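This report refers to the structure that appears directly beneath it.
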Amino acid sequence: MSSLISTQEEDLAEAELAAAISAAVAAPDSEVLVGLGGASAMLYFPVKSDLKPQYNEGRRSGEKELVFLYLSIRGLGETIRLMLAEAQASYTHLASPMGEPQELAMEWRKRSPNGLTPIMSGLGVPRSEPLCQSSAIIRYLASRYGMDGGGGELERARCDVLFETARDFKNKAKEIVAGDYSTSGAKGAVITAGNILKMMAYMGDVGEETSAMNYGQVQLLNSLLAMDEERKGCVGELSAPLEEWLQKAAGRTGIREYLKSGMRFPNVTPQYKFDTGPMTRGDTKKI
1 MSSLISTQEE
11 DLAEAELAAA
21 ISAAVAAPDS
31 EVLVGLGGAS
41 AMLYFPVKSD
51 LKPQYNEGRR
61 SGEKELVFLY
71 LSIRGLGETI
81 RLMLAEAQAS
91 YTHLASPMGE
101 PQELAMEWRK
111 RSPNGLTPIM
121 SGLGVPRSEP
131 LCQSSAIIRY
141 LASRYGMDGG
151 GGELERARCD
161 VLFETARDFK
171 NKAKEIVAGD
181 YSTSGAKGAV
191 ITAGNILKMM
201 AYMGDVGEET
211 SAMNYGQVQL
221 LNSLLAMDEE
231 RKGCVGELSA
241 PLEEWLQKAA
251 GRTGIREYLK
261 SGMRFPNVTP
271 QYKFDTGPMT
281 RGDTKKI
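Here it is in structure tokens:
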């Protein structure tokens, strides 16, 4: 009986996915998007690409394709989007403006284990029982695609050290953007930047397209991009080697294409409205 219920739930979850995609496709390109709130359906991005050869095929025999759902902002979904862009992975992305009814949003409030986004399914994860929590999704995808540092337990742990340090580094963004390095010691931006460079000394060279990036490096890229966008040149003022690393990482093929695409949402105000003003649904379809 439990197997039958599981099959029924999985079929229902597939139907919810199909309904969400159909509603997104049917929504007019002229519909105005202001950030979060006010849209009739989710945004649908069917990403098709050739996986870079240095990464593993994330989808194993008999598994469903990856579906990643988050909000139509950068937020907790951006490192995941950057990872998948770097790997040039094929997947379905649905972005919720939070205005659509749940029956057109994969019932994510009910399906998500914690009732929140982001969620992912496929690659071994049932549609009816998706994964949530951004860090858990990042680590799962890193393991599947070979973006977890490679090698053994120590290499994976070092990758995780960089990931956590890069997340902490993002919390120093206000100081870095302002050029205020008054916090001294290991908690300060200057020493942290130097320590990050030391952590990456034995990791792949992002300037080499054939090298693999790990999820710690992608998290760092996300943090640095946000700082540099807020005030151009602030990363270079902090650390010239870190600025050089940023430019190389942002210039990698999949990442470069993602950053100029309609999937790269604008920054938002504290009220979760696009800081560049309203856009249309059609604007998100630019390549």
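The sequence shown begins at 1 in UniProt numbering and counts up by one.
Don't be surprised by glycine CBs; every beta carbon is placed ideally from N, CA and C.
As the structure is a computational prediction, the values presented were derived from the model and not from experiment.
Closest in alpha carbon position to A166, among M199, E175, Y140, G179, is M199. For A95, the uninterrupted beta strand (DSSP E) segment begins and ends at 91-96. Membership of F163 in the alpha helix (DSSP H) is indicated by the continuous run 153-170. Secondary structure of L131 (DSSP, three-state): strand.
Contact check for M120 against F68 passes: the beta carbons are separated by less than 8 Å. With the rule of 3 Cβ pairs closer than 8 Å, the region 172-183 counts as touching the region 226-238. Residue environment analysis places S61 among the exposed positions, since fewer than 16 neighbouring C-beta atoms fall within 10 angstroms of its C-beta. As a beta-bridge residue in DSSP terms, T280 pairs with V32. Take L246, set aside five residues on each side of it, and the residues of its chain with a beta-carbon closer than 6 Å to its own are L224, V235, in chain order. Taking one beta carbon from each stretch, the region 201-219 and the region 227-234 have fewer than 3 pairs nearer than 8 Å; the two do not touch. Following the DSSP letters along the chain, one finds P113 in no alpha helix (DSSP H), marked with neither H nor E. Restricting attention to alpha helix (DSSP H) runs no shorter than 4 residues, the region 202-270 encloses them at 215-230, 234-238, 240-250, 253-259, ordered along the chain.
P46 is bridged by DSSP to T92. The residue among L12, T276, L116, L259 with its C-alpha nearest the C-alpha of P126 is L12. The continuous beta strand (DSSP E) containing I119 extends over residues 119-121.
Below 8 Å, enough C-beta pairs join the region 267-277 and the region 29-43 to call them touching: three or more.
By the 16-neighbour rule on beta-carbons within 10 angstroms, N214 is buried. DSSP places Y70 in the strand class (E or B) of the three-state scheme. Boundaries of the alpha helix (DSSP H) around G194: 189-199. Taking a cut-off of 8 Å on C-beta distances, the region 43-53 touches the region 81-92, as three or more cross pairs fall below it. Separation of L66 and K260 (C-alpha to C-alpha, rounded to the nearest whole angstrom) is 23 Å. Between M42 and L141, the C-beta gap is not smaller than 8 Å, which leaves the two residues out of contact.
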